[in-house]
């Protein structure tokens, strides 16, 4: 019992530490790629670390008082890290005993909700418009994540994320999971707050939306949370929907997973660089169509494809 | 200068005579393409109605002048253009100091709104029946009853500091909330204050406060500088289209004084003007991309633009503010050895700009963000007298280069680019077409450029009391300079109207019922230039001291910069 607990805790720490300390590196790689598409040299790939250090060292300024507002950034990063502990990142999900797919969906939505709350709490018109946009995006993107994971649950006849991964590894690719995977990937673009769906922040329209009043360490934590989230969800996508090739050698599988995650992030960065920002109504229409398409995946799963 | 046909001239004269109903004081023809009428102020509105409704004249600007030292009265001049007929019509009315009122023409022609507010602020003549009683040009803490463009007002006057002043802004309609854009806002490169009245994401109205950049350039021109110093100041009206303003000013003075610039100078002016259009349109395309979050377009177009700036630096010594124009021609020749390099750069820019055009024309996401966005109908474009690409994108086929040919545009004919849709996408298409046409124009001008002198010899002093109207098609639209010559080697009145001045007035009509997300790109699609529109003295923020750079100082600063090697 104790050995199991210690092992779980260690794996938990490993996942959290990996998400926490590698996510800025991934962001750095994405920035570098963006710069290449722009014909720029771009910042060094370590730049996000320096950004975080700089922001963390600054004065903590708050536009409003109140304990809830003050603690929101920490909770946001915390929720993203909790998500990291709930999903398999190259190993079995360390906290799998504590929560299944339903919990994953809830926790994935948490950081968005917290960001939205801090926007509403900061009493700026830009932040409240940004927060209402964030809410609309959340409501249109979360169902897609839920439907995509439900397809996996239906196929594997289990709600446990680890169970889905095992089922996929054993049974190989199928149409329904492929469609669900694509839908999940399209939703990832919005969850990561990348163009053409960075509508809630939209610097040129509403000056960062919910983040407009955030600065210094608070901004650092919000940014960090978003980077963690994009990395963790990329892992979730790769593990659940594209877990092959599974050779059984732990090291090779881990390397393959990391390469696949990087490919996903590179695709996200490329889409980000070659698109202008959509308007909120256009984005909602787009995700409505994606959601209906992902229902097709569910239909395929029902007929056993 | 192209000559209008006699039938039109007669028709204009008849219309003015009939409408003024005996109140016509004088009718003169200062230049072949300019008709000037002096009428009693009581008849002004009727005559304007006649010009606008019967002759489809386009309102350009109003000029308020303090003529008390000359005639004892103030004078209000409304400028109109009959574009297809290549004719300017000036309607002047004396306004006595005892009764400082003149009937407003804003109800007749909506585009006169700002122009009338401006002369009320500047010389204190009140447009009676004007719908907007608020200040336009003067700062909110400027004392009441002090009119900066009156002759007895010193250019270096400093008003007392006022505390707790706020712009007078309208209240939002019931149920709507206010979303401020500005005075400082990420996508506005310059200060401007827009108050958007929103219900959710929908705009139900807006209000503006502008002229934060007013630098009093016109006042300096008619009180502190001389004819040949003004081109340097005119060039600094705008950071992008400086050469346009200095050319426009020089042409106005040349016209007033009857000086003919040599052909070679006219060709070189054409080349520089078109180079400015090329780099300005590339700049705009990048900014438009940036506004809708399309940074790749920004980075690529600005990379393509850069060699054009290097060329300008090689020709004139500066990336911007070339200092080439002077009354009667140019101060600096176009060296022959730069021709091959110029052609080579143009070929590269053309190739790369075509690639960008092909990439954006098929981009469906871009269509989604620009089609049907910020629509300016043909009717409103005419009412507000919009100029340049916004007008042409709404089906108003006006282009100063064709309607009032100047420089070498009588021989190098531009291709007018028009669209009917009036939306942001149409404005993109118009500018991209113009960009490629400008490259052709520079090539043709380089092939046809004659030899000879670059500046006319001016033997006599410029006679006082003459007027000159000059327009130049800037990248943003038609820039206009009006000069009335004075006695002490400087203009008596110098009036500048930048293209953004009429274009910005179309903004409320364009954003009504739009989504918040569409406001920045709609504003951006006008390619607004607030400094051009506003114009003042430089202000040192730390000491609050107003500083006016003299010719010698400007010269010294630019020499220092040149010696230090410049930016590149």
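Chains as they are written, first to last, in the numbering used here: chain A, 1 to 305; chain B, 306 to 873.
Every residue gets a Cβ at the ideal spot worked out from N, C-alpha and C, and that includes glycine.
Grouping DSSP H, G and I as helix and E and B as strand, with all else coil, what is residue i?
i, result
"residue 808(B)", "helix"
"residue 511(B)", "strand"
"residue 485(B)", "strand"
"residue 849(B)", "Note that residue 849(B) has pLDDT 38, beneath the 50 cutoff, so the model's placement of it is unreliable and the number below is only indicative. Three-state DSSP puts residue 849(B) in coil, outside helix and strand."
"residue 354(B)", "helix"
"residue 799(B)", "strand"
"residue 293(A)", "helix"
"residue 166(A)", "helix"
"residue 841(B)", "Reliability of the predicted coordinates at residue 841(B) is poor, the pLDDT of 36 falling under 50, and the value obtained from them is presented with this limitation in mind. Three-state result, residue 841(B): strand."
"residue 520(B)", "strand"
"residue 15(A)", "helix"
"residue 778(B)", "strand"
"residue 547(B)", "helix"
"residue 214(A)", "coil"
"residue 825(B)", "helix"
"residue 375(B)", "coil"
"residue 410(B)", "coil"
"residue 569(B)", "helix"
With DSSP as the reference, identify every bridge partner of residue i, one or two as the case may be.
i, result
"residue 759(B)", "Per DSSP, none; premise fails for residue 759(B)."
"residue 499(B)", "486(B) and 513(B)"
"residue 622(B)", "Per DSSP, none; premise fails for residue 622(B)."
"residue 395(B)", "341(B) and 384(B)"
"residue 333(B)", "341(B)"
Evaluate residue i with the Cβ neighbour count: other Cβ atoms within 10 Å of its Cβ, from every protein chain shown; 16 or more gives buried, anything less gives exposed.
i, result
"residue 775(B)", "buried"
"residue 501(B)", "buried"
"residue 390(B)", "buried"
"residue 227(A)", "buried"
"residue 847(B)", "Model confidence at residue 847(B) stands at a pLDDT of 38, short of 50, so the residue's coordinates are unreliable; what they give is reported in the following sentence. Under this definition residue 847(B) is an exposed residue."
"residue 807(B)", "buried"
"residue 150(A)", "buried"
"residue 2(A)", "exposed"
"residue 663(B)", "exposed"
"residue 52(A)", "buried"
"residue 116(A)", "buried"
"residue 265(A)", "buried"
"residue 462(B)", "exposed"
"residue 656(B)", "exposed"
"residue 766(B)", "exposed"
"residue 772(B)", "buried"
Just to make sure I have the definition right: I need the residues of chain B whose C-beta is within less than 9 Å of the C-beta of residue i. Which are they?
i, result
"residue 38(A)", "600, 601, 603, 604, 605 and 608"
"residue 51(A)", "Within chain B, no residue comes near residue 51(A); the closest Cβ sits about 18 Å away, beyond 9 Å."
Can you list, in chain order, the residues of its chain with a C-beta nearer than 7 Å to that of residue i? Leave out the 5 residues immediately preceding and following it.
i, result
"residue 770(B)", "790"
"residue 440(B)", "426"
"residue 467(B)", "446"
"residue 247(A)", "253"
"residue 487(B)", "493, 496, 497, 498 and 499"
"residue 272(A)", "34, 194 and 195"
"residue 352(B)", "321, 324, 325, 344 and 396"
"residue 418(B)", "411, 437 and 810"
Here's a check: name, in chain order, each residue in its chain whose Cβ is nearer than 6 Å to the Cβ of residue i, leaving out the five neighbours to either side.
i, result
"residue 332(B)", "342"
"residue 735(B)", "694, 697, 698, 722 and 724"
"residue 802(B)", "366 and 785"
Note down, in chain order, every chain A residue with its Cβ under 7 Å from the Cβ of residue i.
i, result
"residue 492(B)", "204"
"residue 513(B)", "None at all; the shortest Cβ gap to chain A is about 17 Å."
Leaving out the 5 sequence neighbours to the left and right, which residues in its chain are closer than 8 Å to residue i when beta-carbon positions are compared?
i, result
"residue 483(B)", "477, 500, 501, 502 and 503"
"residue 130(A)", "119, 200, 201, 202, 206, 208, 209, 210, 211 and 212"
"residue 258(A)", "90"
"residue 360(B)", "316, 317, 320 and 387"
Residues of chain B with CB under 8 Å from residue i, in chain order?
i, result
"residue 125(A)", "482, 483, 484 and 485"
"residue 274(A)", "601"
Quick one: which chain A residues come within Cβ less than 8 Å of residue i?
i, result
"residue 734(B)", "Residues of chain A passing the Cβ test: none, with the nearest at roughly 16 Å."
"residue 821(B)", "129, 205 and 206"
"residue 673(B)", "278, 279 and 282"
"residue 414(B)", "Neighbours of residue 414(B) on chain A: none; closest Cβ ~34 Å, over 8 Å."
"residue 594(B)", "276"
List, in order along the chain, the chain B residues whose C-beta lies closer than 7 Å to that of residue i?
i, result
"residue 195(A)", "598"
"residue 253(A)", "Result: empty, since nearest Cβ-Cβ is about 36 Å, beyond 7 Å."
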